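A short worksheet on the structure shown next.
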Ligand SMILES: Cc1cc2nc3c(=O)[nH]c(=O)nc-3n(C[C@H](O)[C@H](O)[C@H](O)COP(=O)(O)O)c2cc1C
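Quick look at the structure:
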């Protein structure tokens with residue numbers, strides 16, 4: 023397999039909503055999860071778990087929950103003047119139940135030093151480690167020609183999803199990403215200019 027350059031992957035890794043129905047090979051899912059596990063984490067505790075979902079029935083049920091939540095919050099019909107980001111998100115909400123694969127990017131609170139079973143989870147505690155791993159997963163997927171999108175809308179019905187998947191209480195599902203070959207193309211992202219979001223030596227200065 024021809025490797026793609028890191029900068030090309032970063033600069034073209036758009037958040038994808040339209041997927042082909044083709045299944046994602048197991049080796050590709052294994053590879054993106056392996057790349058995620060190479061991320062740094064506080065104390066190298068690696069407080070993560072990557073839960074791949076390839077079973078069509080599970081995808082359909084979880085996708086339906088996601089769709090109900092997203093459309094319930096934003097309305098079933100497009101809003102006047104809806105931004106392109108929300109138009110894309112709406113498309114995904116209507117199609118999450120039929121994506122080829124999903125990965126739930128989770129925090130595993132049992133990895134905390136001194137963790138006691140039954141201890142309540144401090145939600146978001148491992149975010150700074152988990153998000154680095156998530157970006158590794160996204161970039162690896164991009165390099166393999168696979169699309170991803172970071173979504174968090176499922177969280178409002180997290181317990182239902184955890185029960186469906188047999189997840190223990192100490193696992194926090196932080197992001198649900200669809201995974202698949204895309205319809206359409208990767209491409210440049212629409213971002214504010216660097217000069218607007220960076221400074222050198224003094225706030226607002228590029229000098
Ligand atoms: C923290 C976070 C939460 C997000 N939640 C959702 C979500 O629930 N549903 C969704 O469709 N997209 C979600 N997104 C994707 C953003 O809408 C997307 O990153 C943004 O529109 C930029 O897309 P682009 O990279 O294609 O330009 C989320 C992204 C982040 C970083």
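Residue numbers (this note's numbering): 23 to 229. A virtual CB, placed ideally from N, CA and C, is assigned to each residue, including glycine. Because the structure is a prediction, the values reported are computed rather than measured.
- By the Cβ-count criterion, residue 113 is exposed, with fewer than 16 other Cβ atoms from all chains shown falling within 10 Å of its own Cβ.
- Residue pairing of residue 41 in beta bridges, as defined by DSSP: 204.
- Listed in chain order, the non-local C-beta contacts of residue 71 below 7 Å within the same chain comprise 128, 130 and 193, local neighbours out to five positions each way being set aside.
- Comparing alpha carbon positions, the residue from 179, 159, 164 and 57 closest to residue 27 is 164.
- About 6 Å separates the beta carbons of residue 171 and residue 38, which is inside the 8 Å limit, making them a contact pair.
- The C-beta distance from residue 52 to residue 122 rounds to 15 Å, too long to fall under 8 Å, and the pair is not in contact.
- Ligand 1 has a heavy atom closer than 7 Å to the beta-carbon of residue 175.
- Where residue 125 is concerned, the enclosing beta strand (DSSP E) starts and stops at 123 to 130.
- Look at residue 36: its beta carbon is less than 7 Å from one of the heavy atoms in ligand 1.
- 67 is the residue among 67, 224 and 40 whose C-alpha sits nearest the C-alpha of residue 137.
- Look at residue 186 here: in three-state DSSP terms it is helix.
- With distances taken between CA atoms, residue 204 lies nearest to 46 out of 29, 33, 25 and 46.
- Close CB contacts of residue 166 within its chain, under the 6 Å cut and outside five residues either way in sequence, are with 50 (chain order).
- DSSP places residue 149 in the uninterrupted alpha helix (DSSP H) bounded by 149 to 165.
- Comparing alpha-carbon positions, the option among 63, 31, 25 and 54 lying closest to residue 159 turns out to be 54.
- Residue 125 has its alpha-carbon roughly 18 Å from the corresponding atom of residue 116.
- Excluding five sequence positions before and after residue 42, the CB atoms of its chain that fall closer than 6 Å to its own CB belong to 203 and 205, given in chain order.
- With a cutoff of 7 Å, residue 172 counts as near ligand 1, since its C-beta is closer than that to a heavy atom of the ligand.
- Per DSSP, residue 169 lies in no alpha helix (DSSP H) segment; the continuous beta strand (DSSP E) that holds it begins and ends at 168 to 170.
- Residue 61 is positioned such that its CB atom lies closer than 8 Å to that of residue 154.
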